[in-house]
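What follows is the structure in structure tokens.
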């Protein structure tokens with residue numbers, strides 16, 4: 001299995017069910033989609049591996065592309081943080097939030113072999129190796145978060161056990177910034193309905209481009 005970062009980590013999270021923050025605007029759910037019975041109930045999960053679940057996305061460099069809907073805790077916590085409730089606690093608004101991760105081609109081939117048998121900071125490889133010899137861009141970005149976590153822990157010895165969302169992101173980014181490369185935001189008019197349908201009919205919601213029905217690759 002080839003990958004630009006932890007092989008064990010990618011396999012572990014890739015084999016977990018695809019999980020995503022589920023928005024109040026969604027009017028369709030996949031047949032294998034399930035809701036949680038406990039907790040914030042801000043997310044749903046699909047009864048299939050995240051690394052074998054493709055979704056449509058857009059990035060400034062490649063443009064429109066397919067990504068993998070791998071589970072990540074912030075996909076749920078972000079949806080939960082942006083949830084608006086009434087005074088009685090009823091959910092009035094919540095956004096859909098999920099990963100659309102595109103690994104390197106070798107990792108994709110490794111996933112194909114594995115399943116067959118059974119986004120963002122822009123750091124180049126050359127820049128990464130100037131900062132840390134023998135590293136790669138993904139590995140350096142990930143380990144910079146470990147470094148930031150260590151610095152934050154040393155500076156906050158009485159904080160106890162915390163979730164990543166509870167840490168001071170400004171301080172963490174101060175530590176990480178030299179290792180991330182350019183961090184930029186972009187506007188685009190792309191939607192998941194661009195250039196669709198193709199050669200064959202598709203089950204689309206043309207009234208609302210941002211329905212998960214249009215994003216999930218089926």
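Residue numbers (my numbering): 1 to 218. Heads up, the beta-carbon is just placed ideally off N, CA and C, and yes, glycines get one too.
Asked                                                                                                                                                                        : Found
Mind reading off the beta-carbon distance from residue 53 to residue 138? Whole number of angstroms is fine, and I expect it under 8 angstroms.                              : Between residue 138 and residue 53 the Cβ distance is about 20 angstroms, and since that is not below 8 angstroms, they are no contact.
Among 73, 7, 51, whose alpha-carbon lies nearest the alpha-carbon of residue 42?                                                                                             : 73
I need the DSSP call for residue 20, collapsed to helix, strand or coil.                                                                                                     : strand
Is it the case that the stretch 138-151 contacts the stretch 20-27, given that we only count it when at least three CB pairs across the two stretches are under 8 angstroms? : no
Taking the alpha-carbon of residue 123 as reference, which of 1, 190, 183, 8 has the nearest alpha-carbon?                                                                   : 183
Taking the DSSP output, what are the residues bridged to residue 148?                                                                                                        : Beta-bridge pairing links residue 148 to no other residue.
Using only the alpha-carbon positions, how far apart do residue 134 and residue 140 sit?                                                                                     : 10 angstroms
Assign residue 92 to buried or exposed, taking buried as 16 or more other Cβ atoms, counted over all protein chains shown, within 10 Å of its Cβ.                            : exposed
On the three-state DSSP scale, how would you describe residue 47?                                                                                                            : strand
What does DSSP give as the partner residue(s) for residue 93 in the beta ladder?                                                                                             : 84
Anyone know if the C-beta pair for residue 20 and residue 69 falls short of 8 angstroms?                                                                                     : yes
By Cβ distance, which residues of its chain are closer than 7 angstroms to residue 132, with the 5 residues on each side in sequence left out?                               : 140
Is residue 63 near residue 46, with beta carbons less than 8 angstroms apart?                                                                                                : no
Any idea what DSSP makes of residue 101, helix, strand or coil?                                                                                                              : strand
Give me the Cβ distance between residue 216 and residue 55, rounded to the nearest whole Å; I'm assuming they're in contact under 8 angstroms.                               : 6 angstroms
Around the C-beta of residue 94, are 16 or more other C-beta atoms found within 10 angstroms, so that it is buried, or is it exposed?                                        : buried
For residue 130, does the three-state DSSP call read helix, strand or coil?                                                                                                  : helix
Excluding sequence positions up to five away, which residues of its chain have a Cβ less than 6 angstroms from the Cβ of residue 144?                                        : 176, 179
Between the Cα of residue 208 and the Cα atoms of 200, 194, 100, which residue gives the shortest distance?                                                                  : 194
Pick helix, strand or coil for residue 68, following the three-state DSSP scheme.                                                                                            : strand
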